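Comments concern the structure below.
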Amino acid sequence: MYGVSALEKGNEEVRQTLSQGLSSITRFALHNRQDDDSRRVLTELPALTEIKALVIHSRFLITSNLVNQFTPENICLECTILHGEGTEHPGYTQQLFKIACIAAYIIRSKSNIIVSQLEVATLPEEYVHQHLSQDVTMGYSFGLQDEGTNPFSQMGFGGQNNI
């Protein structure tokens, strides 16, 4: 139904790897939310008795207008919870969740049924870190152009000669 197999039951290492990778900036593809996406980001799952399986579809930035948007706290996961006989839970279909509650559920039990549709990121980690550093520097310089009032220009960031 979802095009991928569930994580192997009993394999704690696979679960740990997935759980840790959820908050990595470079491990899995990370998307911007659509401007009209009004879904709330939930911080907890429903009662465990309601969860038959968890499907992780993709990762999104919660908000893209932060100076440093590439932090684990600004990443959410689009998930679907299956309940009953494996049907999609009407209140938790393609719902957004904070990483912490999903990561905790993944490692809570070696027998939880977890399906991950996450795409592995294709950019080398060095490339991403280089561009994240440039984005942060440019973010400061755009907000504070006057070297006289820019505290970062004295540290080599954001001055007119550094742009």
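2 is the number of the first residue of the sequence shown in the numbering used here; add one for each residue after it.
Think of the CB as a built atom: it goes at the ideal place given N, C-alpha and C, for glycine as much as any other residue.
Since the structure is predicted, the reported quantities are computational estimates derived from the model, not experimental observations.
Outcome for residue i when other beta-carbon atoms lying within 10 angstroms are tallied against a minimum of 16
i	result
threonine 27	buried
leucine 8	buried
leucine 46	buried
glutamate 79	buried
Pairwise C-alpha distance: residue j and residue i
i	j	result
aspartate 37	valine 15	35 Å
isoleucine 103	asparagine 75	14 Å
histidine 32	cysteine 77	10 Å
leucine 43	alanine 105	14 Å
serine 59	serine 24	12 Å
proline 73	alanine 122	15 Å
serine 39	isoleucine 100	18 Å
glutamate 1	methionine 2	One cannot answer for residue 1 here, as it falls past the ends of the chain, which runs 2 to 164.
serine 6	arginine 109	19 Å
glycine 22	valine 116	14 Å
threonine 18	glutamate 86	28 Å
CB of residue i within 9 Å of CB of residue j, strictly
i	j	result
leucine 97	alanine 54	no
phenylalanine 71	arginine 34	no
valine 56	threonine 81	yes
serine 20	isoleucine 107	yes
Contacting residues, own chain, Cβ-Cβ under 8 Å from residue i (five flanking each side not counted)
i	result
glycine 4	Gln118
asparagine 12	Lys111
arginine 41	Leu97
Same chain, Cβ closer than 7 Å to residue i, five either side skipped, listed in chain order
i	result
glutamate 120	Phe29 and Ala30
alanine 48	none
tyrosine 128	Residue placement at tyrosine 128 is poorly supported in this model, since its pLDDT is 46, which falls under 50; the coordinates still yield a value, given next. Within the same chain, tyrosine 128 has no close Cβ partners at all.
leucine 91	At residue 91 the sequence reads proline, which differs from the leucine that was named. Cβ within range, chain order: n/a, list empty.
Closer than 8 Å: residue i CB and nearest the ligand NAD heavy atom
i	result
phenylalanine 98	The ligand content of the structure shown is nil, which means the ligand NAD is not present either.
Cut-off 6 Å between Cβ atoms - residues of its own chain near residue i, not counting five sequence neighbours on either side
i	result
arginine 65	Sequence inspection shows serine at residue 65; the arginine mentioned does not correspond to that position. Around serine 65: Asn33.
histidine 132	The predicted model places histidine 132 with a pLDDT of 45, which falls under 50 and marks its position as unreliable, so this point remains unresolved.
threonine 94	Thr81
Range covered by the alpha helix (DSSP H) that runs through residue i
i	result
threonine 19	Note that residue 19 is leucine in the sequence shown, not threonine. Start and end: 13-22.
isoleucine 26	Premise fails: isoleucine 26 is in no alpha helix (DSSP H) and is neither H nor E.
arginine 60	Where arginine 60 is concerned, there is no enclosing alpha helix (DSSP H), although the beta strand (DSSP E) it sits in stretches over 54-62.
isoleucine 107	100-109
Continuous beta strand (DSSP E) stretch holding residue i: start and end
i	result
isoleucine 115	115-117
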